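A quick write-up on the structure given underneath.
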Amino acid sequence: MGNLLKFLIVLLFSFAEGGNSFAQSARLSGKALIDSLVEKLPNQKEDSNKVKLLNKLSNLYYNIDPGEGVKYGQQALALAEQLGWQKGIADANNRIGLNYCIKSDFPKALEHDFKALKLYEEIGNKTGIASITSNIGMVYEYQGDYPRALEYFLRALRIDEEIGHKQFMANVSGNIGVIYFSLGDYQKALQYGLKHLKIAEELGDKKGIADVTGNIGNIYLTTGEYAKALDYFTRSLKIAEEIDDRQSIAGTSVNIGSIYSKQYNYTESINWQFKALHVAREIGEKAIEAMALGGIGSNYISIVAAAKTNQLEEASELRHRAYVPDSLIPKGRDALLRKAKDYIDKAIAIDKEIGALDDLQTGYAKLSTVDSLLGDFYGALIAKSQYMVTRDSVFSRDNAVKIARLELQSKIETDSLKNVQARKMADVKFRHQRNYIYAGLAGIVCLLFFLFFIIRERGKSEAARKKSDELLLNILPHEVAQELKNKGSTQAQHYDNVTVLFTDFVNFTQAGEIMKPQELIDELHTCFKAFDEITAKYNIEKIKTIGDAYLAAGGIPVADDKHAENVVNAAKEITAFMLDRIGKLGSTTFEVRIGIHSGSVVAGIVGVKKFAYDIWGDAVNTAARMQQHSEPGKINISESTYQLVKGKFSCEYRGEIDAKNKGMMNMYFVS
Numbered sequence: 166m167g168n169l170l171k172f173l174i175v176l177l178f179s180f181a182e183g184g185n186s187f188a189q190s191a192r193l194s195g196k197a198l199i200d201s202l203v204e205k206l207p208n209q210k211e212d213s214n215k216v217k218l219l220n221k222l223s224n225l226y227y228n229i230d231p232g233e234g235v236k237y238g239q240q241a242l243a244l245a246e247q248l249g250w251q252k253g254i255a256d257a258n259n260r261i262g263l264n265y266c267i268k269s270d271f272p273k274a275l276e277h278d279f280k281a282l283k284l285y286e287e288i289g290n291k292t293g294i295a296s297i298t299s300n301i302g303m304v305y306e307y308q309g310d311y312p313r314a315l316e317y318f319l320r321a322l323r324i325d326e327e328i329g330h331k332q333f334m335a336n337v338s339g340n341i342g343v344i345y346f347s348l349g350d351y352q353k354a355l356q357y358g359l360k361h362l363k364i365a366e367e368l369g370d371k372k373g374i375a376d377v378t379g380n381i382g383n384i385y386l387t388t389g390e391y392a393k394a395l396d397y398f399t400r401s402l403k404i405a406e407e408i409d410d411r412q413s414i415a416g417t418s419v420n421i422g423s424i425y426s427k428q429y430n431y432t433e434s435i436n437w438q439f440k441a442l443h444v445a446r447e448i449g450e451k452a453i454e455a456m457a458l459g460g461i462g463s464n465y466i467s468i469v470a471a472a473k474t475n476q477l478e479e480a481s482e483l484r485h486r487a488y489v490p491d492s493l494i495p496k497g498r499d500a501l502l503r504k505a506k507d508y509i510d511k512a513i514a515i516d517k518e519i520g521a522l523d524d525l526q527t528g529y530a531k532l533s534t535v536d537s538l539l540g541d542f543y544g545a546l547i548a549k550s551q552y553m554v555t556r557d558s559v560f561s562r563d564n565a566v567k568i569a570r571l572e573l574q575s576k577i578e579t580d581s582l583k584n585v586q587a588r589k590m591a592d593v594k595f596r597h598q599r600n601y602i603y604a605g606l607a608g609i610v611c612l613l614f615f616l617f618f619i620i621r622e623r624g625k626s627e628a629a630r631k632k633s634d635e636l637l638l639n640i641l642p643h644e645v646a647q648e649l650k651n652k653g654s655t656q657a658q659h660y661d662n663v664t665v666l667f668t669d670f671v672n673f674t675q676a677g678e679i680m681k682p683q684e685l686i687d688e689l690h691t692c693f694k695a696f697d698e699i700t701a702k703y704n705i706e707k708i709k710t711i712g713d714a715y716l717a718a719g720g721i722p723v724a725d726d727k728h729a730e731n732v733v734n735a736a737k738e739i740t741a742f743m744l745d746r747i748g749k750l751g752s753t754t755f756e757v758r759i760g761i762h763s764g765s766v767v768a769g770i771v772g773v774k775k776f777a778y779d780i781w782g783d784a785v786n787t788a789a790r791m792q793q794h795s796e797p798g799k800i801n802i803s804e805s806t807y808q809l810v811k812g813k814f815s816c817e818y819r820g821e822i823d824a825k826n827k828g829m830m831n832m833y834f835v836s
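Note that this note's numbering has the sequence shown beginning at 166, numbered continuously upward.
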């Protein structure tokens, strides 16, 4: 339920003679205009004017009903081909590609976009080349292929500057800024955002000014420059209110709320989230409504945490805020948590409805946290399992998009070496994914067999029982397995002093592209087998592997005063093992990066049919952030772990680093 509203990517297109601008097309759109154009169709001659009319209808429909937009675009294409009119054919493909993009059918969008590009180049239509090149960049951005998106946006900008098309220059500059932001190059993102702003101000484009000032605010929010972020968001909000752009009003209010939350002013943050919620519900903007609901729930959780550490003195301030109803301000820790749960549940329901998997994943993580704080460990387990399922769906979706992109590239570049390499890469990824699925299914079958075997063998000989015990201990910790055998069930446990270790392989994808699938799996097995032996040596409990990631924890299920020291020692051995292996195998093995954090977790068995011992809680999420901000061959630890091991290991302070959904955190490399 991220409080940071995603940047705006502007759709660009040219239409008919003279190249109408985006702003002009937007002004002309509307159901009344569509109806008037549809009435003209039956009396229109089968000539180029009818092609233009059909293309215009396709253009107007893209943001209302892209299915209809495709239909009119195909009619325009058929007639233009019959007339042999190349520009009409190019414009029709442009329109069809735009509508397919809105429908999220990216392969078909790119298929038509590249056809349009080829025709525009053949007839030397620079306006058409610029617009379709930018739209291709937009499709790649939506697919997450930022380098390729940047390549096409920069090409479009060069042409727009050459022909002096200022509106397109502004929009493309803004889109380039978005890509640099996504790539983490905030300096260039700001450079292009300010370029967009300058042109928008020259044109008097208030909508453009509101959008780009919001984008610049996002840059400063991400880099932790909250005063500048608030200044730009306030400017964006003022203009949005002037032009009654209520979608921008709602989205900017969410972002302003995020700033106040980052500054620990949770009461003011809730006020802005309620404003966003109010406007979003008025206009039926479900995505922003879900963000606001999730933000309100997060702030209630933060108030509980702040009150516990005496950081918050006046929660009653909320009653004086303009957008916060008195009835929604609870008193007391449990009341706040129950209210947080209520809002997070509502956000999750909307995210399910609109298919917002990324926000849904975050929502389940928050729900697991709040259930745990309320003492509802069963509910926390269920939420955690839902989080894991959603996370896997996000992973599968992203992989599917990447594979679809590779397939499309193969189709477009059929005669080039690049095409051959793309096909090989797609084939490798398909085979890897298939092998992982087979391996997962085999694991599930084995697990079910083990459990069935255990139950069936209870009444048999001591030797058989011993064998079943050994099988069970391969799945669960000894103490948990014993409880399961004695009681037939287990109880989730809360542990205050635990150190969590996360590892992942930095160059796993690249290695997979040059290794055969079986070689890849064999190498992964060899590495994880070594990790198992190292963690066992230090009494660390292996939790699970997730693709190329490895999760383990010290201090569970048996308390251990040396949990942090043991985990760091294990991490050092893992790092040494992988460095030695790289020296021997080179690019056919992987570089490891490690993250460690100490805190509290809840641990237990998830499910009743396919047992899996797991841990969850904020400590797990923070350890994952430590791993994400680590570097190849490095061990990155949090402040809490550092306080437990300082003096025992040589550590290098890295300063405060902005961790996703965690804010600024002190981090240290273990030498």
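All C-beta atoms in this analysis are idealised placements derived from N, C-alpha and C, irrespective of residue type, glycine included. As the structure is a prediction and not an experimental result, all values here were calculated from the model.
Asked, Found
"Closest to LEU402 by C-alpha separation, out of THR387, ILE381, GLY389, would be which residue?", "ILE381"
"So, is LEU225 buried or exposed, given that buried needs 16 or more other C-beta atoms within 10 angstroms?", "buried"
"Just to confirm my understanding: we take TYR305, look at its own chain, exclude 5 residues before and 5 after, and list those with CB closer than 6 Å. What are they?", "ARG313, ALA314"
"Whose C-beta lies closer than 6 Å to the C-beta of GLY302 among residues of the same chain, with five residues either side of it excluded?", "ALA314, TYR317, PHE318"
"When you compare only the Cα positions, how much space is there between ALA701 and VAL732?", "11 Å"
"If I'm right that ASN264 touches GLY238 with Cβ under 8 Å, what's the distance once you round it to whole angstroms?", "6 Å"
"I need the DSSP call for TRP250, collapsed to helix, strand or coil.", "coil"
"Report the three-state DSSP secondary structure of GLU678 (helix, strand or coil).", "helix"
"Which residue spans inside the region 685-758 form an unbroken alpha helix (DSSP H) run of at least 4?", "728-750"
"Counting along the chain, where does the alpha helix (DSSP H) carrying LEU348 start and finish?", "Where LEU348 is concerned, there is no enclosing alpha helix (DSSP H), given that its DSSP letter is neither H nor E."
"What's the call for GLN247, buried or exposed, on a 16-neighbour Cβ count within 10 Å?", "exposed"
"Give the range of the beta strand (DSSP E) segment to which ASN662 is assigned.", "658-670"
"Ignore the nearest five residues each way along the sequence and tell me which others in VAL377's own chain have a CB closer than 7 Å to its CB.", "GLY339, GLY358, HIS361, LEU362, ALA365"
"Expressed to the nearest angstrom, what Euclidean distance is found between the alpha-carbon atoms of PRO207 and GLY232?", "21 Å"
"Looking at C-alpha atoms only, which residue of LYS210, ILE229, GLU211, VAL216 is the closest neighbour of ILE199?", "ILE229"
"Considering only residues of the same chain and omitting the five flanking positions on each side of LEU539, which have a CB-CB separation below 8 Å?", "ASP499, LEU502, ARG503, LYS506"
"Classify GLU821 as buried or exposed, calling it buried when 16 or more other Cβ atoms lie within 10 Å of its own Cβ.", "exposed"
"Does the pairing of the region 787-802 with the region 748-764 give three or more beta-carbon distances under 8 Å?", "yes"
"In angstroms with no decimal places, state the Cα-to-Cα distance between ALA455 and ALA695.", "44 Å"
"Compute the Euclidean distance between the alpha carbons of PHE834 and VAL535, then round it to the nearest angstrom.", "31 Å"
"Enumerated in chain order, which unbroken segments of the beta strand (DSSP E) with a length of 3 residues or greater are wholly contained in the region 215-297?", "none"
"Looking only at its chain, what residues have a beta carbon closer than 6 Å to the beta carbon of ALA191, apart from the 5 residues adjacent to it on each side?", "Residue confidence for ALA191 is low, a pLDDT of 36 falling below 50, so the modelled location carries little weight; the figure read from the coordinates is stated next. None."
"Candidates ASP713, MET680, HIS728: which alpha carbon is nearest VAL663's?", "HIS728"
"What whole-angstrom Cβ distance do LEU386 and ASN420 have, given they're in contact under 8 Å?", "7 Å"
"Checking 8 Å against the spacing of the C-beta atoms, do LEU282 and GLN251 come in under that value?", "no"
"To the nearest angstrom, how far is the alpha carbon of GLN438 from that of ASN464?", "10 Å"
"Would you check if there are 3 or more beta carbon pairs closer than 8 Å linking the region 671-680 to the region 804-818?", "no"
"Residue range of the beta strand (DSSP E) that ASP507 falls in?", "Unbroken run through ASP507 is the alpha helix (DSSP H), 498-519; no beta strand (DSSP E)."
"Looking at the strands, I want to know which residues DSSP matches up with HIS762.", "VAL665"
"Over the uninterrupted alpha helix (DSSP H) stretch that includes ASP783, give me the two end residues.", "783-793"
"If you drop the 5 nearest sequence neighbours on each side, which residues of the same chain put their C-beta closer than 6 Å to that of ASN258?", "HIS277, LYS280, ALA281"
"How many Å lie between ALA394 and GLN352 at the Cα?", "14 Å"
"Tell me the DSSP secondary structure of ILE341 in three-state form.", "helix"
"Report the residue from GLY342, ASP325, LYS531 whose alpha carbon sits nearest the alpha carbon of GLY782.", "LYS531"
"Using three-state DSSP, classify ASN464 as helix, strand or coil.", "helix"
"Using CA atoms only, rank isn't needed, just tell me which of LEU744, ASP726, ILE708, TYR818 is closest to VAL767.", "ILE708"
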